[in-house]
Amino acid sequence: MAIVPARIRHFIDGRFVESVSGKTFTYLNPYTGKVLGEVTEGFQEDIDRAVQAAKRAFVDGPWGKMSVAERLRYVERFADLIEKYGDELAELESIDTGLPISQTKNQAARAAENFRFYASMVRSRLVGEAYRVDDKFINYTIYKPLGVAGLITPWNAPLMLSTWKIAPALATGNTAVLKPAEWTPLTANKLAEIAAEAGLPDGVFNVVYGFGETAGASLVAHPDVRLISFTGETTTGTIIMKNAADTLKKLSMELGGKSPAILFADADLERALDAVIWGVFSFNGERCTANSRLLVERTIYEEVVRRLKARIDRIVLGDPLDPKTEVGPLIHPEHHARVQGYIDLARQEGAEVVQAPLPEALTGKPFIPPTLLLGVDNRMRVAQEEIFGPVLAVIPFDTEEEALRIANDVKYGLAAYIWTKDIQRAHRLSQRIESGMVWINSQNVRDLRIPFGGTKASGIGREGGHYSFDFYTEVQVIHVAIGDHPIPKFGR
Ligand code: NAD
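All residue numbers for the sequence shown refer to the UniProt record's numbering, where the first residue is 1 and numbers rise by one.
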């Protein structure tokens with residue numbers, strides 16, 4: 001059983017330290033509702049200490065001068081240690097977030113994979129170009145790290161999402177300061193321990209805990225932080241963009257979603273329902289790419305609803321550490337109240353709410369049983385706003401054009417899923433959908449080489465594959481004369 005530390009401290013310049021202010025905050029186990037421990041609360045002065053350490057490691061320390069081969073050995077060491085502590089990391093993540101252990105085990109594996117993948121990408125793909133201009137010039141480009149990267153993560157999949165940022169930031173040669181979400185500090189602390197065990201040079205990777213408006217905002221405003229990779233709510237993203245303007249930071253924004261799954265009558269219904277149910281109820285419904293709107297061709301609407309009702313009744317709710325559990329508690333009582341508020345709103349807006357029964361043993365805990373909202377019109381708030389819980393809005397359509405119109409009629413544009421056997425329609429529709437990513441006849445299966453990100457209110461920029469290089473590095477061009485080209489003579 002993983003050991004949960006009673007006190008979590010910042011990791012700054014290779015050491016575990018208290019806040020300058022001495023302040024702390026507590027964090028909860030969402031399943032038991034019990035306080036797990038205290039976390040040091042960071043403010044501007046703690047962020048500054050971490051940024052200065054990261055800057056020293058980049059400018060004066062070994063990191064900036066190290067050979068790429070040596071740097072990538074550290075990155076791969078991270079992967080080895082994440083694998084070594086994989087079971088512990090999965091348990092900590094389940095205890096911290098309420099995510100079922102069967103799902104956090106995969107996330108721990110993916111966390112290691114994030115490091116291995118970026119080590120191999122940098123080795124093979126971080127390459128410049130050369131342009132020869134007759135026998136006069138050779139012009140070439142190189143990709144350089146920027147310096148200190150600020151990484152700000154949400155609570156919904158903290159281990160996977162933080163490693164998705166730390167790995168490319170370090171592999172490309174930056175140093176980093178991570179500001180994890182206040183509700184979920186546990187795996188960030190374990191990653192700091194792993195950095196120490198890996199012998200990572202001091203200051204290369206730092207973690208500062210604290211609230212968004214104080215610690216997070218200080219990281220965004222810090223003049224020595226060159227870029228901010230942010231994953232979180234759209235409204236937070238807009239605030240960060242405003243606050244980052246004064247110091248002209250490079251920004252990557254991975255934000256919210258209200259993604260459609262479009263189900264045509266000719267689809268393989270059993271596979272489509274498996275994918276739709278997994279897509280919205282896995283990770284307790286707290287999933288940015290969740291297909292939270294199911295658009296169903298009207299001819300199969302009744303059958304789909306009947307089968308969905310039967311399926312949600314059989315989904316297993318329970319203790320996140322029980323391997324049989326499919327849906328655990330929501331992250332926090334505050335978030336539970338927010339999701340419950342949307343279910344109440346759905347009723348007020350005229351939707352029919354169908355819920356799986358909540359086992360008696362779980363009453364009083366922040367569970368929302370898998371929920372269907374039927375008779376939903378896409379103009380309702382429950383069809384437009386991100387609920388971020390196990391709630392599926394089901395909306396009928398008659399034609400392909402209507403499905404497209406409904407799919408695009410939201411402010412978000414993260415993911416879309418299309419289920420049909422008509423290959424022309426699948427591609428035609430994919431290309432007209434306003435989303436960063438489309439899956440055809442598939443659940444959300446990720447290929448780390450491809451770009452991840454959204455359009456419209458779902459984000460700006462792409463990470464993943466070589467697309468991460470556009471963000472974590474800067475291209476420099478070097479012009480070299482290889483002959484005596486003419487130079488205008490002034491004042492001869
Ligand atoms: P959030 O925006 O409330 O918080 C995210 C992080 O930002 C936290 O660490 C928080 O402390 C910090 N923060 C808050 N205010 C800040 C400020 N003013 N300056 C700097 N930092 C600040 O998001 P959340 O509730 O933790 O996460 C859920 C959201 O994340 C959902 O909207 C979900 O869709 C989104 N998300 C998106 C993706 C994606 O890849 N697109 C992935 C996962 C989650």
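Note that CB positions come from ideal geometry on N, CA and C, so glycine has one too.
Counting only the Cα atoms, residue 479 lies some 13 Å from residue 135.
CA-CA distance, residue 438 to residue 488, rounds to 54 Å. The Cβ atoms of residue 323 and residue 284 do not sit closer than 9 Å to each other. When the Cα atoms are used, residue 274 and residue 426 turn out to be separated by approximately 19 Å. A distance below 7 Å between beta-carbons, with the five flanking residues on each side excluded, links residue 453 to the following residues of its chain, in chain order: 254, 436, 459, 461, 462 and 463. For residue 222, there is no enclosing alpha helix (DSSP H), as DSSP gives it neither H nor E.
Closest by C-alpha distance to residue 358, out of 365, 351, 348 and 369, is 369. Proximity to residue 175 across 195, 157, 189 and 184 peaks at 195, based on C-alpha coordinates. Taking residue 115 as the centre and dropping the five residues before and after it, the same chain places the C-beta of 75, 78, 79 and 167 closer than 6 Å to its C-beta, in chain order. In the three-state reduction of the DSSP assignment, residue 299 falls in the helix class.
With a cut-off of 8 Å, the C-beta of residue 291 is classified as distant from the ligand NAD, since no heavy atom of the ligand falls inside that distance. The region 33–107 is shown to contain whole beta strand (DSSP E) runs of 3 or more residues at 35–40, in chain order. Residue pairing of residue 323 in beta bridges, as defined by DSSP: absent, with no partner found. By the Cβ criterion, the region 345–358 is not in contact with the region 217–231, since fewer than three pairs of Cβ atoms, one from each stretch, lie closer than 8 Å. When DSSP states are grouped into helix, strand and coil, residue 483 belongs to the coil group.
Beta bridge pairing from DSSP links residue 412 with 456. Per DSSP, the unbroken beta strand (DSSP E) holding residue 253 starts and ends at 250–254. Bounds of the alpha helix (DSSP H) holding residue 164 are 158–171. Excluding five sequence positions before and after residue 150, the CB atoms of its chain that fall closer than 6 Å to its own CB belong to 177, 219, 225 and 228, given in chain order. A straight-line Cα-Cα distance of about 13 Å links residue 315 and residue 100. Taking C-alpha positions only, residue 372 is separated from residue 394 by approximately 7 Å.
For residue 472 and residue 466, the gap between their C-alpha atoms comes out near 10 Å.
Here residue 5 is near residue 37, since their CB atoms are less than 9 Å apart. Under the three-state reduction of DSSP, residue 125 is assigned to helix. Secondary structure note for residue 189: its alpha helix (DSSP H) is the uninterrupted segment 186–197. When secondary structure is reduced to three states using DSSP, residue 278 falls in the helix class.
Ranked by Cα distance from residue 245, the options 311, 268 and 221 are led by 221.
Annotated as proximal: residue 55 and residue 148, with beta-carbon spacing under 9 Å. Short of 7 Å from the beta carbon of residue 291, and not among the five residues preceding or following it, lie these beta carbons of its own chain, in chain order: 259, 260, 261, 276, 279, 280 and 417. Every alpha helix (DSSP H) of 4 residues or more that sits fully in the region 345–424 is shown, in chain order, as 381–384 and 400–408.
The three-state secondary structure of residue 333, taken from DSSP, is helix.
For residue 205, the uninterrupted beta strand (DSSP E) run begins and ends at 205–207, by DSSP. Taking all protein chains shown into account, residue 19 has 16 or more neighbouring C-beta atoms within 10 Å of its C-beta and is therefore buried.
Between residue 29 and residue 183, the alpha-carbon positions lie close to 9 Å from each other. Judged by their CB atoms, residue 448 and residue 117 are nearer to each other than the 9 Å cut-off.
Each of 317, 197 and 366 was checked against the Cα of residue 331, and the nearest Cα belongs to 366.
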